[in-house]
Structures are given as C-alpha cells and as structure tokens.
Amino acid sequence: MLLIFKCAYFSGLLLRVVHSAPFPGKVVYPRFLEARGLDDEKMLYIRGDTVLRLKKTSVLAERFVFSETINGARVDTPMDGKKLEANLFHDRKQTAAVTLEDNNGTVEVRGILNDHLRIAPLNLSARSGDGYVPHKIFQVEPRTDSRDPFKVAPDIKNSEDIFHAELKIVFDEHYESAFSTREELISYLATCVILINLRYQETSEPTVQFLLTGIERVDDMFLEYFIAEDVNCATCPEKKYLEPDNTINRLISGYGWGPDDITVLVTSMDLADRFGGDIKKRSAVMGASEFQGFCSEWKRIAIVEDTPATYSMIQLLAHELAHTLGATHDGIASTRTATGMLIDTCPDHGYMMAKSAHGRNSGHFSNCSIIQIREFIKTLKPDCRTVKSKESIEMKGTNELPGTNMSLTSYCELKYPKYSNITAQNNTMSTECKFQCCHDGQQCFPEIAVDGMSCGKDKMCFRSKCVKECDPFKKDESTTLPTETNNKQVNNDTNSEK
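Quick note on numbering: the sequence shown equals residues -20 to -1, 1 to 478 in mature numbering (1 follows the signal peptide of the UniProt record, and there is no 0).
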C-alpha cells in the first residue's frame, strides 16, 4: 500500500469565518523611481518607506505547455516560457513576488508584498494627479512567530549545486474560473512557485529548486467528488467536496507515468475524507501526497487546496513536495533515510515538516528534513536528474511578496466568500504571524499570514516569522536561521499521516 501523507486541520480548533464588508484598507499609487539599484534592479515605490528592489525571476520552462481536453481530445498549446515570465519580479529581502505591467510610465502591480500583504489594481477609472494607477493593499495573516531571528539562504553560486525539479500543476475547471485570462492564471501559479523556491533554498548538497514546466485543466474523470453538509457553516446548504485518496489514485492513472518529476493538483474545493458516505467532521484535509513519490512511476502525485488570490497554497505545497522528496514528519523518535542512514532524533520544533501546522518555524526546514531530502535525491536515477523541459535555466524573480498589500479582512473575504460580516482578528499577528477569520464574532478559522503581510511597524511576515522589513532576495542580506532548540509547537492544527 502506498504511504500517503495528509495535511489536515482539526475543526475542533477551527474558528474560521469570513466577512463581506467593504475593505477599509489602503489605496496606494505605485510608481517606478528613476534611480536603479545594483545589478540593474527596478526600484518600485509602493508607499511611505516601502520601496521594492525588483529583479527578474524565472521559474517557467522555456517550452511551457498549457493543456486542456476539448471534446474528449487532449489539446496541448506550447507557449513561450520566457515571454510569459517577462513581467515576473521578486524582491528577495522583502520576500515579495509580483507581476508588473508597465504602460508608458504607469505601472500595474499584482502579487505578494510580504507575508501578509497583497497588492492589486483597483477597477477604477480615477487616477492620481500624476496619472498613477490606484491599487489596493489587502492583508492576509502571517504564518509564524518572530521571536527568533531567521536567515535568508545564501545565493546559489554554482549551478552544479542546484537540483532542478520539474513540476507540473493541474487544476479543475472551478479553480480556473477565478482567473480572467490564461496568462493571469500562469502568472499566479508561477508566483507561488517562486515563494516555494525561496523556502527550498535552505536545502543543500544539492539545493532543490522547482521548475514549472506546464499547467493543465484536469478532466473530471480524474476527480472524485461527494456532496455533504458544510461542516464550517451549519446554516449553509450542502456542498461539493473532493475526496483525496481516490482522487490521487485516479490522477496516478493519468499522470503517474508522465515526463514531469511531480504533478500537483491545485483545487479551490475543500478536500475531505468520507466515512460510510459521511464527511469526517473532525478534520478537513488540505493536502495529500505520495511519500517518496518524486520521479517515481505511479506515485508522482500530490494535491493541495488553494483559494485564488490568497496564495494560501505556498506553505501547504512546500510541505507536500517535501514528502514526495523523502521527508517525513518531524517528531519521529528515529527514522531511516532513503539511503538507509539512521537519524536517531528528529525533534518537533514547529518546522515545516512538523505534524502540527502553523509552528513557530513553519517557514523553514529542520536539519532532519534537509538530510532526508539530500539522501533521497542520491537514490534517483540519472534520467530524474536530467532537465527535460529546457537546456539552460536562469533563476529570475519577482520582487514583491504577495502579502505586501493584502489586508487580513480582504484575505478572509476571499477565503470564505459564503460568509457575510466576516472580520479578521489579529491578536497573534505580531508574535506568531497568525490570525483568525471570524463570522459574526462566533465561528472563527485560524489562518497563517502570507509572506509580506505587515505584523507591526516596520515589520513583515516572512516564512511564518514576524521579522524586520527586509529584502529576502538581496544577496548581501545578513542571515540567521531559527535554531532547533527552545522552539515549541504553538498551534494544534495538525498534519495527519496516513
């Protein structure tokens, strides 16, 4: 039997809520500054002292493919990856990832400003007196505690030290409907991969970096749905859920043998287990993957939930991809790596692979996870080490974190559109980069801040930490990783292993 890891949030602790009240947040008028930074960086003014130093990002294969099924026949549309990512930029110091549309000196910005702030143009005809386009900044909650300093991984200097993992993303029709154009969908998914790659820069010998080779609208025949009560809303009608186990088995039949190293289904539907025809009320699965399934025939599949425009899948997908690369949950007394190396202790200090989600260090890998991934890659066959989608790879990036201009309330409204009067409570934003979406002050749902969200004056959420505002993409940024001592798990949202 295949070992499937699941990421689940127990509803006994859920306080999840959403609010449709008007966004009270901030309107800004981004503009380019004439001065350029080092290495021909673009200097983008957002507000006050928030200036992004943007560099190009590249996470798309040169021969990028958009696939769909039309009248029962698969249709592949080759696309120019370099052209698609031409407007993708990142600011490493501030963990920002954005797309830029430059129209005769005015700019439209979409994406992540930091862990908890997002930015998007307002659909208004009015402009500033200087002709700048109005944008809204909205907030999503941070993902971790900031009491420990963190370290931005050093730039990868030798391309031979990089392991390029070819990633394909498939999605259902409902997920695709949230995007107005194909290019908008590709840009959003590429931005998520950029932020995942930042987290994987901590891996070493080699450093794992994901290359998005293509996206595809998946046929319904690969998905298993069921209708059940809405466990998060007693007054709401029944809704459609996606059952992860059988869906993974179906996806394996269609994608488990493909040329890509790993295929991930991203869905905006809720994942849930079903027992005797009923939904399991105590937990809501948010991700599932095949353990050591990376580049393995009939196992190279994972599933994650995501709410479009919130970038909520970044942490989930980073976690599930690590399972496919041989990383177990932290907290296991002893474990053997793929090569047979015995690791006596892998303490659970709230890192990315902790059994419980939302730990204080959940934006980082523990040493155990790094070793497990390293040893697993040693077992891969030569064809898994060959990049098939393009001959040369250049790391480029977006320079603004998706949460930079996103408010907590806007995040809640996006995440829980069925709820009215939903508000955000941010009592733990400054300490843990966490918040709650609450409905009528009663039912609340725990959330983690998106990279770039503000967690205090001159502070931002980055990789689940509330840190001093910085540029995570800047080469000379000082670095200090959270230690694996004195870090306790602070949230009972858990990843259940199956």
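The C-beta atom is built at its ideal place from N, Cα and C for all residues, glycine as well.
So which of the options has the shortest CA-CA distance to residue i?
{"i": "Ser233", "options": "Glu277, Val284, Gln352", "result": "Glu277"}
{"i": "Lys219", "options": "Pro239, Thr227, Ile259", "result": "Ile259"}
{"i": "Ala298", "options": "Gln181, Asp56, Phe44", "result": "Gln181"}
{"i": "Phe69", "options": "Met386, Glu88, His96, Val55", "result": "Glu88"}
{"i": "Thr384", "options": "Leu360, Asp438, Thr411, Phe425", "result": "Asp438"}
{"i": "Ile92", "options": "Ile350, Val45, Leu34", "result": "Leu34"}
{"i": "Val284", "options": "Leu222, Tyr9, Tyr25, Lys358", "result": "Leu222"}
{"i": "Phe345", "options": "Phe425, Arg98, Ser444, Arg27", "result": "Ser444"}
{"i": "Tyr291", "options": "Val246, Ser269, Pro327", "result": "Val246"}
{"i": "Thr411", "options": "Gln272, Phe151, Cys446", "result": "Cys446"}
{"i": "Glu427", "options": "Arg197, Leu102, Asp286, Pro186", "result": "Asp286"}
{"i": "Val198", "options": "Val188, Pro239, Cys216, Glu156", "result": "Glu156"}
{"i": "Asp253", "options": "Gln405, Thr227, Asp71, Glu300", "result": "Thr227"}
{"i": "Phe44", "options": "Leu169, Lys36, Asn103, Leu24", "result": "Leu169"}
{"i": "Val8", "options": "Lys448, Ile294, Leu102", "result": "Leu102"}
{"i": "Gly111", "options": "Asn84, Thr319, Gln295", "result": "Asn84"}
{"i": "Arg11", "options": "Val113, Gln272, Glu21, Cys172", "result": "Val113"}
{"i": "Val244", "options": "Thr366, Arg280, Asn94", "result": "Arg280"}
{"i": "Met23", "options": "Asp71, Thr49, Ile50, Arg90", "result": "Asp71"}
{"i": "Lys36", "options": "Gln422, Glu21, Glu81", "result": "Glu21"}
{"i": "Pro362", "options": "Ile99, His144, Tyr399, Gly28", "result": "His144"}
{"i": "Phe453", "options": "Val150, Gly28, Leu32, Ser400", "result": "Leu32"}
{"i": "Met433", "options": "Ile99, Arg54, Gly28", "result": "Ile99"}
{"i": "Met409", "options": "Cys435, Ser387, Ala282, Met386", "result": "Cys435"}
{"i": "His419", "options": "Asn406, Ala429, Ser400", "result": "Ser400"}
{"i": "Thr49", "options": "Thr308, Gly421, Glu196", "result": "Glu196"}
Which two residues bound the contiguous alpha helix (DSSP H) that contains residue i?
{"i": "Val173", "result": "162 to 180"}
{"i": "Arg354", "result": "347 to 358"}
{"i": "Tyr391", "result": "388 to 395"}
{"i": "Ser410", "result": "409 to 412"}
{"i": "Cys326", "result": "Here Cys326 belongs to no alpha helix (DSSP H), and DSSP marks it neither H nor E."}
{"i": "Asp225", "result": "224 to 235"}
{"i": "Cys364", "result": "362 to 365"}
{"i": "Met293", "result": "293 to 304"}
With residue i as the anchor, note down where its beta strand (DSSP E) starts and where it stops.
{"i": "Tyr25", "result": "22 to 27"}
{"i": "Cys446", "result": "445 to 448"}
{"i": "Gly194", "result": "187 to 197"}
{"i": "Tyr155", "result": "Counting along the chain, Tyr155 falls outside any beta strand (DSSP E), though it belongs to the alpha helix (DSSP H) covering 153 to 156."}
{"i": "Lys63", "result": "Where Lys63 is concerned, there is no enclosing beta strand (DSSP E), although the alpha helix (DSSP H) it sits in stretches over 61 to 64."}
{"i": "Arg33", "result": "30 to 36"}
{"i": "Gly436", "result": "434 to 436"}
{"i": "Lys116", "result": "115 to 119"}
{"i": "Ile428", "result": "423 to 428"}
{"i": "Asp71", "result": "68 to 71"}
{"i": "Arg43", "result": "40 to 50"}
{"i": "Met440", "result": "439 to 442"}
Identify, in the order they occur along the chain, each residue of the same chain with its Cβ nearer than 8 Å to the Cβ of residue i, setting aside the five sequence neighbours on each side.
{"i": "Ala41", "result": "Gly61, Glu146, Leu191, Leu192, Thr193, Gly194, Ser369, Lys370"}
{"i": "Phe159", "result": "Leu165, Tyr168, Pro288"}
{"i": "Asp310", "result": "Cys326, Pro327, Asp328, His329, Tyr331, Met333, Ala334, Lys335, Ser346, Cys348, Ser349"}
{"i": "Glu374", "result": "Confidence at Glu374 is low in this model, with a pLDDT of 40, below 50, so the placement of that residue is unreliable and no value is reported for it."}
{"i": "His115", "result": "Val7, Val8, Tyr9, Pro10, Glu88, Val89, Ile99, Ala100, Pro101, Leu102, Asn385"}
With a threshold of 16 other CB atoms inside 10 Å of the CB of residue i, please say whether the residue is buried or exposed.
{"i": "Leu64", "result": "buried"}
{"i": "Leu251", "result": "buried"}
{"i": "Tyr205", "result": "exposed"}
{"i": "His329", "result": "buried"}
{"i": "Pro4", "result": "Note that Pro4 scores 48 on pLDDT, short of 50, meaning its location in the model is unreliable; the coordinates nonetheless yield the value given after this. When all chains shown are included, Pro4 counts as exposed."}
{"i": "Ile242", "result": "buried"}
{"i": "Met201", "result": "exposed"}
{"i": "Gly377", "result": "In this prediction, Gly377 scores a pLDDT of 49, lower than 50, which makes its location untrustworthy; the coordinate-derived value is nonetheless stated afterwards. Buried."}
{"i": "His154", "result": "exposed"}
{"i": "Phe255", "result": "exposed"}
{"i": "Leu13", "result": "exposed"}
{"i": "Asp431", "result": "buried"}
{"i": "Thr161", "result": "exposed"}
{"i": "Gln295", "result": "buried"}
{"i": "Pro58", "result": "exposed"}
{"i": "Cys172", "result": "buried"}
{"i": "Ala268", "result": "buried"}
So, for residue i: in the same chain, excluding its five sequence neighbours on each side, which residues have a beta-carbon less than 6 Å away from its beta-carbon?
{"i": "Ile350", "result": "Thr183"}
{"i": "Met321", "result": "Glu355"}
{"i": "Asn467", "result": "Residue confidence is low: Asn467 scores 37 on pLDDT, short of 50, so the model does not pin down where it sits. No coordinate-derived value is stated."}
{"i": "Asp56", "result": "Val45, Ser47"}
{"i": "Thr317", "result": "Gln352, Glu355"}
May I ask you to check if the CB of residue i is nearer than 7 Å to at least one heavy atom of the ligand PLP?
{"i": "Lys439", "result": "This structure simply doesn't include the ligand PLP, nor any ligand for that matter."}
Between which residues of its own chain and residue i is the CB-CB distance below 7 Å, once the five residues before and five after are set aside?
{"i": "Ile142", "result": "Ile136, Pro186, Thr187, Gln189"}
{"i": "Cys216", "result": "Asp210, Lys398"}
{"i": "Gly236", "result": "Glu277, Trp278, Lys279, Arg280, Ile281"}
Legend entry - Contact between the segment 199 to 212 and the segment 177 to 186 (3+ Cβ pairs under 8 Å): The answer is no - the segment 177 to 186 does not touch the segment 199 to 212, with fewer than three Cβ pairs under 8 Å.
Inset, instruction - Flag this pair as touching only if the segment 157 to 173 and the segment 109 to 121 have three or more C-beta atom pairs under 8 Å; answer yes or no. - result: No: the two stretches stay apart, fewer than three of their Cβ pairs being nearer than 8 Å.
Legend entry - the segment 298 to 307 / the segment 265 to 279 touching (three or more Cβ pairs under 8 Å): Enough Cβ pairs lie closer than 8 Å, so yes.
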